[in-house]
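Those sequence lines, one after another, are chains E and A. Okay, so the first sequence: first residue is 1 according to our numbering, each after it adds one. Okay, so the second sequence: first residue is 1001 according to our numbering, each after it adds one. Take a look at the structure set out below.
Protein chains: 2
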Amino acid sequence: MRSALNPSPRPTARDAIIGAAIRLWSRNPGATFSEVALHAGVGRATLHRHFRTRDDLLTVLAEICIEETNEAVAAAIDQSASASRQLQRMFEAVIPLGDRYSFLYRAEIGDEHTTARYRRQLDRVGTLVGELKAEGGVAADVPTAWVVAQIDQLIWTAWNEVASGRVAAADAANLATRTLLHGLGKEEQP
Amino acid sequence: MRSALNPSPRPTARDAIIGAAIRLWSRNPGATFSEVALHAGVGRATLHRHFRTRDDLLTVLAEICIEETNEAVAAAIDQSASASRQLQRMFEAVIPLGDRYSFLYRAEIGDEHTTARYRRQLDRVGTLVGELKAEGGVAADVPTAWVVAQIDQLIWTAWNEVASGRVAAADAANLATRTLLHGLGKEEQP
DNA sequence: GAGAAATGATACATAGATGTCTCAGACGAT
DNA sequence: ATCGTCTGAGACATCTATGTATCATTTCTC
């Protein structure tokens, strides 16, 4: 029964679709709506009932990704810690999510609300970079935009290398932090 | 007249197509074949005469990109220079090309010959990384694959930031080298 | 068990891109 | 001027994904 307290009728189908879409599009971003339905074990009509268009589904996935990322970061970050420590923990929290959401990097999300949320996430990273600069972890003469772009790309690259087996998952966050703050040159690591 | 010495009959159409495709797909990677023809000032039929399928054109563009990149790097690199100097010059040579070929990062090239050439390019970067390690510019404990991935991404990110106006073109190569070798931390720059 | 809701299968309509083909005309070289 | 080549325009055939609608059946709730 559908009620105000339980607005989602049968979550299984919807969840199955979302799961299948993530798994499928991670491997093949061009996978068709029918394929998604097939892998979800659901008729194509049912898929359209839950997500009217392909863009709808994509947007929902992006929203989920943003929420999950926000939660992971919020849970990982300790406001009282140093900015560089927060950076490290952010990498630790976010890189494992690449497994599920990396395909969104390439996807084109039209929905304005969603892209705005994404921009806001980047803005928050910008704030962290500001703290890093204030703290001395990042040089003041480097454009903040550059640092933010690097962080974004490091997350993507890190996941990518982990996924292809070239870098151990456990090392990824450390490598990312090290790359950003100290570079890959030979020097004593703190 | 077509002869053995002058195998390309009327280069204008072909060149116009290539130019239009690069310009168009740089802004909109999903642009249609008809749009390419339109922007090239050429009938769609003519486009098909020069490049039978969409993939054909894409592959040719990728080949051109690889060749141009190779040439630019070859011209810029001085084998007798230090590896880190070569890295810097490679950045200087390649980042400006992003303007024209960045869309290929996202394109899916099916042609094996072309992807093999691309892999070979990355291998050459791997060799450079090896020299960097031997020279002490890059720490030996960092996976070479990670460094190569970083270099690849730095090129893309650098062009991206330049294109969006957030970073000055003149600074990009320096920033990239600095990011890779020394990180963005506050420390004396050599 | 009865009724409501959700589902699967299927058919249908459509839109868009792709690739092929033809034919008349423009252009270049000789 | 003429011949051969290249071109533009358009028609044509496909093909594929998408989105909609219908209906019998299943499944859940009460």
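Backbone N, C-alpha and C fix where the C-beta goes; we use that ideal spot for every residue, glycine too.
Contact criterion: CB-CB distance below 8 Å. Does residue i meet it with respect to chain E?
| i | result |
| --- | --- |
| P1096(A) | no |
| G1137(A) | yes |
| N1174(A) | no |
| G1185(A) | yes |
| L1104(A) | no |
| E1161(A) | yes |
| R1166(A) | yes |
| L1181(A) | yes |
| T1157(A) | yes |
Would residue i pass as a contact of residue j if the rule is Cβ separation under 8 Å?
| i | j | result |
| --- | --- | --- |
| E161(E) | A1149(A) | yes |
| Q86(E) | I95(E) | no |
| I1017(A) | H1050(A) | yes |
| T1114(A) | A1062(A) | yes |
| L1212(A) | A1107(A) | Nothing about residue 1212(A) can be read from this structure; chain A reaches only from 1001 to 1190. |
| E35(E) | L24(E) | yes |
| A163(E) | L132(E) | no |
| V167(E) | W1156(A) | no |
| R1153(A) | T1069(A) | One point to set straight first is that residue 1153(A) is Gln, not Arg, in the sequence displayed. Cβ atoms of Q1153(A) and T1069(A): not closer than 8 Å. |
| A176(E) | A158(E) | yes |
| I1066(A) | R1117(A) | yes |
| A1072(A) | L1097(A) | yes |
| H1039(A) | A1013(A) | no |
| G1043(A) | A1037(A) | yes |
For residue i, decide whether its Cβ has a neighbour in chain A, counting only Cβ atoms nearer than 8 Å.
| i | result |
| --- | --- |
| N70(E) | no |
- Inter-stretch contact (C-beta, 8 Å, three-pair minimum) for the segment 1174-1189 of chain A and the segment 134-148 of chain E: yes
- Query: Which residues, taken in chain order from the segment 138-154 of chain E, show a beta carbon closer than 7 Å to some beta carbon of chain A?
  - Reply: V138, A139, V142, P143, A145, W146, V147, A149, Q150 and Q153
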